[in-house]
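Take a look at the structure set out below.
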Amino acid sequence: MAKHAGASRVGVTLTFDESEVILDVRDDGCGFDPTAPRRDSAFGLGVMRNRAQRLTGSVTLESAPGGGTAISTTVPALPRGAA
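Numbering (the working numbering) for the sequence shown: 1131 to 1213.
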């Protein structure tokens, strides 16, 4: 995030319980307009969404120019003992 966002601070939180795992990442960088057209890349938001959806999860994005970015990814937790 620091490379693209110019962020000086990034917060990462991993939360899990019996039913789901949630990864939250926030930064104080330059932000962007999430409705603006973007080019695809191998590591972009579209790929993140596709990977989460394959696990029946989701990705939520909040950002605004000058306002930093927050991304939350939620996926179902595996039952205890499953691997």
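Cβ atoms here follow ideal geometry from the backbone N, Cα and C, with glycine treated the same way.
For N1180 and L1191, I'd like the C-alpha separation in whole angstroms. Position 50 of the sequence shown, counting from 1, holds the residue named residue 1180. Position 61 of the sequence shown, counting from 1, holds the residue named residue 1191. Near 14 Å, if we compare the C-alpha coordinates of L1191 and N1180.
* Report the option in V1140, G1141, L1144, C1160 whose CA atom is closest to the CA atom of A1194. => By 1-based counting over the sequence shown, the position of residue 1194 is 64. The option with the nearest alpha carbon to A1194 is C1160.
Under a three-way DSSP split, which group does A1210 fall into?
-> As a working note, residue 1210 is residue 80 in the sequence shown. The amino acid at residue 1210 is misidentified as Ala; the sequence shows Arg. DSSP, read as helix, strand or coil, puts R1210 in coil.
- If we call anything under 8 Å between Cβ atoms a contact, is D1157 one with A1182? Working through the sequence shown from its first residue, we reach residue 1157 at position 27. Working through the sequence shown from its first residue, we reach residue 1182 at position 52. No; because the gap between Cβ atoms is not below 8 Å, this pair is not in contact.
Opposite G1141 in the DSSP bridges: which residues?
-> Mapped onto the sequence shown, residue 1141 falls at position 11. Its beta-bridge partners are R1156.
Assuming V1151 and A1207 form a contact by the criterion Cβ under 8 Å, report the distance between their Cβ atoms to the nearest whole angstrom.
-> Position 21 of the sequence shown, counted from the first residue, corresponds to residue 1151. Position 77 of the sequence shown, counted from the first residue, corresponds to residue 1207. Sure, about 5 Å apart at Cβ, within 8 Å.
*Sequence-distant residues of the same chain with beta carbon closer than 8 Å to G1174, five excluded per side*: Looking up residue 1174 in the sequence shown gives position 44. The residues are R1168.
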